[in-house]
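Numbering (full-length UniProt numbering), first residue to last: 1 to 540.
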């Protein structure tokens with residue numbers, strides 16, 4: 001037994017010595033880069049699991065995005081105008097609300113890491129959306145004649161074509177960045193799934209379409225040499241990009257509804273309202289395009305092009321855009337306008353822009369939608385001339401129930417007070433001799449601006465005759481005062497004014513003031529007596 005134990009001990013010692021020799025003989029390389037990578041990985045892992053560090057990281061990222069956006073805004077736009085800043089704020093809060101619904105109502109994110117990733121993604125896309133919105137507003141301002149105002153550009157390069165070229169360059173940069181984000185969304189979708197990639201790609205496609213629309217309009221504005229050359233091209237560019245963008249947004253929201261299994265929740269109600277809004281927007285664009293085509297046919301059929309002799313005889317500018325006319329259309333009232341300007345005008349108002357004469361044969365058989373159903377449009381839809389604003393007609397037929405019940409109809413027309421005031425101010429600019437109050441009263445009766453204008457032109461609404469101002473009754477003028485008496489009164493006034501104008505409450509002070517006044521009056525009377533006596537002596 002002892003011999004066996006000794007053999008086992010020697011064997012174990014020999015194996016330990018061999019193991020120690022093998023351990024000591026194998027060197028362990030020291031990879032400092034690997035250790036640094038592991039340390040950074042540990043720090044990032046700790047920060048993602050620590051709420052305080054996570055919120056610091058989120059706030060830092062948002063501050064960085066805000067600083068970059070402010071720098072780009074200052075370099076590209078300068079100081080924003082009040083309408084641009086207001087629209088940007090409204091767009092930002094609307095975007096935050098819908099993305100909150102998307103993250104917690106559609107995607108239903110559960111982990112903090114996913115929340116951070118979605119917040120970073122939507123922060124970048126939201127910044128690009130705001131750049132597109134401000135670029136579109138600034139281009140419309142510059143194209144409508146505001147480019148001459150240097151304050152609008154914030155002192156950065158002035159206005160004109162250089163400002164429009166700067167907007168086009170910004171939109172090209174936005175498109176390049178959005179295409180890179182679209183490629184990243186496609187790569188990320190291979191790992192997470194097709195639905196997530198589709199959601200991310202739809203947002204990028206909408207931004208690309210908006211940037212392409214603004215860039216195309218800027219290029220057309222820069223390359224424009226004649227007023228009539230790019231009118232229809234600009235119109236078709238705008239309406240095509242807007243319609244495609246609305247269709248993409250509609251498909252995106254329908255996909256969100258289907259993917260969220262159509263549960264009856266607050267998120268589904270918000271998405272349904274947005275789908276309804278987008279659907280009516282697309283309908284409005286198509287209806288507007290039908291009106292545009294009808295107006296073009298109506299102009300070609302009824303309003304001929306003016307000849308060169310008529311253009312030379314007029315030597316006038318277009319009353320709509322105030323540009324020189326190289327070609328124009330002639331209305332029945334012999335007024336000339338650009339073809340594109342007249343088509344845009346007739347989409348909103350069926351009268352001559354100069355003399356306000358009603359144009360015949362106006363109005364395609366289209367139903368104008370209610371303002372409550374149709375959201376705000378870039379261009380208002382036309383209303384027929386001489387008719388009331390669209391309303392509701394309620395008809396009750398009493399004979400269907402009882403033979404002795406009467407039948408009556410009630411028409412309800414919705415006209416806001418703000419619209420009536422705006423119409424009254426517009427009519428007052430055309431007819432300054434009519435007061436705003438009288439025009440507003442007639443508008444409340446007719447509910448139509450054109451009907452009120454017709455009443456003024458046909459003499460049914462008479463201007464208020466200005467009442468002569470009431471002259472105040474004049475008091476009879478007293479007879480002229482002799483010079484000596486006038487001098488005496490002035491001396492008395494000076495004497496009375498030299499004293500205290502207000503008597504004091506103390507008895508002693510009142511007595512002293514009255515005594516001083518008495519002495520002054522006696523001195524002035526003595527002086528007048530001496531002067532009179534001296535004059536009498538001289539005469540003798």
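Cβ coordinates follow ideal geometry from the N, Cα and C atoms, glycine included.
Taking the beta carbon of residue 108 as the centre, do at least 16 other beta carbons fall within 10 Å, making it buried, or is it exposed? exposed
What residue range does the alpha helix (DSSP H) around residue 343 cover? 339 to 346
Name the DSSP bridge partner or partners of residue 329? 305, 337
The alpha helix (DSSP H) enclosing residue 251, as first and last residue numbers: 231 to 259
Among 253, 277, 282, the one whose alpha carbon lies nearest that of residue 268: 253
Whole alpha helix (DSSP H) elements within the segment 86 to 143, 4-residue minimum: 112 to 143
Considering only their Cβ atoms, is the gap separating residue 97 from residue 134 smaller than 8 Å? no
Would you give the residue range spanned by the alpha helix (DSSP H) that residue 188 belongs to? 161 to 192
Nearest candidate by alpha-carbon position, reference residue 309, set 302, 353, 328: 328
Close-in-space but distant-in-sequence residues of the same chain around residue 295 (CB under 7 Å, 5 per side omitted): 343, 346, 347
Limits of the alpha helix (DSSP H) - the one that residue 72 falls within: 51 to 76
Neighbourhood of residue 69 by C-beta distance below 6 Å, restricted to the same chain and skipping five residues each side: 127
Is residue 137 closer than 8 Å to residue 87 when the C-beta atoms are compared? yes
Could you give the first and the last residue of the continuous alpha helix (DSSP H) run that contains residue 452? 449 to 457
Beta-ladder partner(s) of residue 317, from DSSP: 324
Can you find the residues in the same chain that come closer than 6 Å, C-beta to C-beta, to residue 456, ignoring five residues on each side of it along the sequence? 431
Going by DSSP in three states, residue 201 sits in which element: helix, strand or coil? helix
If you reduce the DSSP assignment to three classes, tell me which class residue 351 lands in. strand
Whole-Å CB distance - residue 244 paired with residue 209, under 8 Å assumed: 6 Å
For the 8 Å Cβ check, are there 3 or more pairs between the segment 206 to 220 and the segment 233 to 250? yes
Could you spell out where the alpha helix (DSSP H) holding residue 461 opens and where it closes? Counting along the chain, residue 461 falls outside any alpha helix (DSSP H), and DSSP gives it neither H nor E.
Please classify residue 425 as buried or exposed, where buried requires at least 16 other C-beta atoms within 10 Å of its C-beta. exposed
So, residue 335 versus residue 352, is the Cβ gap smaller than 8 Å? yes
In its own chain, which residues sit with a C-beta less than 7 Å from the C-beta of residue 58, not counting the 5 before and 5 after it? 116, 119
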